[in-house]
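Asker: If you scroll down you'll find the structure; I have some questions about it.
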DNA sequence: AATTTATTGGAATAGGCGTTCTAATCGCTT
DNA sequence: AAGCGATTAGAACGCCTATTCCAATAAATT
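Set out below in structure tokens:
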């Protein structure tokens, strides 16, 4: 009976992800979103709820996709140095899609909203935990394959990988040059030696 | 002849620094600033100009103070590992002044505004260059004192110090625990070995 | 083809924003 | 002591915000 939507909620959400990613929460108005998503204002409220709900869904979608991608990369490479290098390269490429860096939506949001919204903070924390878990598992795997000296502490290394990932993303805002960023990745990975 | 100000422009600016640092540019309204600085609205416009100018001055003041502090720390310690450790500890303490982390005003602003305001971006870039220069000089000093192997590349290490500093600050938003953050500092500094 | 019902476009609403303006206040100099 | 002039308090301005509402539209079932 009812009329059908003439837009894809998933595609529209992806556009919302890109806009929030580029501009942040506060700098993005509902009018911006109406223009960017190409759908009606009422359709937006009807499909996603208000601005907060839309943002939360956008963040969740981004984090899910990013985590999946990282996981796929790490599982693909059996050499952990290579795997981590390609993972960081993926982060860098993802940040530098445009000529100026958009950094990473997760990091941007942590900086902008972690102290402002409890709900958002929890979503970010869950994503961080997932990343740390992946890193721990991957490092453990590397240790079992004798790619990591036995005296190296997994936990400390996992933490540093996450911290460095955040650093790479935020620093890329002022230094959007892939070669330089990747060079610091190479240098960082010597902590595994 | 004229009536004198009955507030200290420097003290008021410091309050503006703290508010912008805590909340960011977009989330801070002029009304918030009027309340926080404890001075009249017209006095604010008269002394600092509009919101943009006030923010720019706040950022400049913060960056100048921070750079000075870091410089003092590095000059004080003749052992570069010790100097860098204390510097990172200063960053962490500065981020964790409240129970939840405010990160670093410089990093926060890079993430929030680098793509939005050319003037702000230039101020951030100048600060970044200054930090890189300090790191290069300090590492060079360490090399001259045989605290750093000759084959180590100064430039790559300097870049990684800045990138990691940004990472430490943004990651502290979701992990405001000093011991954990400092542990990853210790691990990072093994890249000097 | 008629009916139903969610979607759609766009106006309307209430409130907050940054900024400006108008008086009234008050400190310094002469 | 007189008066000049910047500082002050707070109202006022126009714009933009997020959200809601109201017809009008259009797709799927009967």
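Residue numbers (the working numbering), protein chains in the order written: chain Y, 2 to 194; chain F, 2 to 194. Just so you know, even glycine gets a beta-carbon here, dropped at the ideal spot from N, CA and C.
Closer than 7 Å by C-beta to residue 78 (chain Y): which residues in its own chain qualify, once you throw out the five before and the five after it? Chain order, please.
Answerer: 84 and 87
Asker: What does a CB cutoff of less than 6 Å around residue 138 (chain Y) pick up in its chain, not counting 5 residues either side in sequence?
Answerer: Counting only Cβ-Cβ distances below 6 Å, and skipping sequence neighbours, we find nothing.
Asker: Any beta carbon from chain Y within less than 7 Å of residue 32 (chain F)'s own beta carbon?
Answerer: no
Asker: Output needed in chain order: residues of the segment 131–163 of chain Y with a Cβ under 7 Å from some Cβ in chain F.
Answerer: 157, 158, 160, 161 and 163
Asker: Determine, using beta carbons only, whether residue 124 (chain F) comes closer than 7 Å to chain Y.
Answerer: no
Asker: Can you pull the chain Y neighbours of residue 18 (chain F), defined as C-beta to C-beta under 7 Å?
Answerer: Result: empty, since nearest Cβ-Cβ is about 16 Å, beyond 7 Å.
Asker: Specify whether the segment 165–179 of chain F and the segment 169–177 of chain Y touch according to this definition: at least 3 beta carbon pairs, one from each stretch, less than 8 Å apart.
Answerer: yes
Asker: Of all the options F:25, F:6 and F:97, which has the alpha carbon lying nearest to the alpha carbon of residue 47 (chain F)?
Answerer: Of the candidates F:25, F:6 and F:97, the one whose C-alpha sits nearest the C-alpha of residue 47 (chain F) is F:6.
Asker: So what's residue 27 (chain F) in DSSP terms, helix, strand or just coil?
Answerer: coil
Asker: Any beta-carbon of chain F closer than 7 Å to the one on residue 105 (chain Y)?
Answerer: no
Asker: Please report the residue range of the alpha helix (DSSP H) in which residue 144 (chain F) lies.
Answerer: 119–145
Asker: Where do the N-terminal and C-terminal ends of the alpha helix (DSSP H) with residue 95 (chain Y) fall, by residue?
Answerer: 81–96
Asker: Could you list which residues in chain F have their beta carbon closer than 9 Å to that of residue 117 (chain Y), in chain order?
Answerer: What residue 117 (chain Y) touches in chain F: 24, 25 and 28.
Asker: Can you name the start and end residues of the alpha helix (DSSP H) that residue 167 (chain F) belongs to?
Answerer: 155–172
Asker: Answer with yes or no whether the minimum CB distance from residue 129 (chain Y) to chain F is below 7 Å.
Answerer: yes
Asker: Assuming residue 53 (chain F) is part of the alpha helix (DSSP H), what are its boundary residues?
Answerer: Taken as a continuous stretch (DSSP letters only), the alpha helix (DSSP H) holding residue 53 (chain F) covers 52–77.
Asker: With a cut-off of 8 Å, do at least 3 Cβ pairs link the segment 12–20 of chain Y to the segment 33–45 of chain Y?
Answerer: yes
Asker: Which residues of chain Y have a Cβ atom closer than 7 Å to the Cβ of residue 109 (chain F), listed in chain order?
Answerer: 112
Asker: State yes or no: is the C-beta of residue 93 (chain F) within less than 7 Å of the C-beta of residue 184 (chain F)?
Answerer: no
Asker: Shorter than 7 Å from the beta carbon of residue 68 (chain F) to some beta carbon of chain Y?
Answerer: no
Asker: Please identify, using Cβ separations under 7 Å, the residues of the segment 63–94 of chain Y that lie next to chain F, in order along the chain.
Answerer: Near chain F, meaning a CB-to-CB distance below 7 Å, no residue of the segment 63–94 of chain Y qualifies.
Asker: So residue 180 (chain F) is in the alpha helix (DSSP H); what residue range does that whole segment cover?
Answerer: 179–189
Asker: Taking Cβ-Cβ distances shorter than 7 Å, what residues in chain Y pair up with residue 172 (chain F)?
Answerer: 163, 164 and 167
Asker: For residue 44 (chain Y), report the span of its alpha helix (DSSP H) as first-last.
Answerer: 42–49
Asker: What are the boundary residues of the alpha helix (DSSP H) that includes residue 218 (chain F)?
Answerer: Outside the modelled stretch of chain F, which goes from 2 to 194, sits residue 218 (chain F), for which no answer is possible.
Asker: Take residue 30 (chain Y) as the anchor and find which of Y:101, Y:115, Y:52 and Y:134 has the nearest alpha-carbon.
Answerer: Y:52
Asker: For the putative contact between residue 125 (chain Y) and residue 107 (chain Y), defined by C-beta atoms under 8 Å, what is the C-beta separation to the nearest angstrom?
Answerer: 6 Å
Asker: Between residue 192 (chain Y) and chain F, is any beta-carbon pair separated by less than 7 Å?
Answerer: Cβ-Cβ to chain F under 7 Å: yes for residue 192 (chain Y).
Asker: Please tell me whether residue 102 (chain Y) and residue 187 (chain Y) are closer than 7 Å, where the distance is taken between their beta carbons.
Answerer: no
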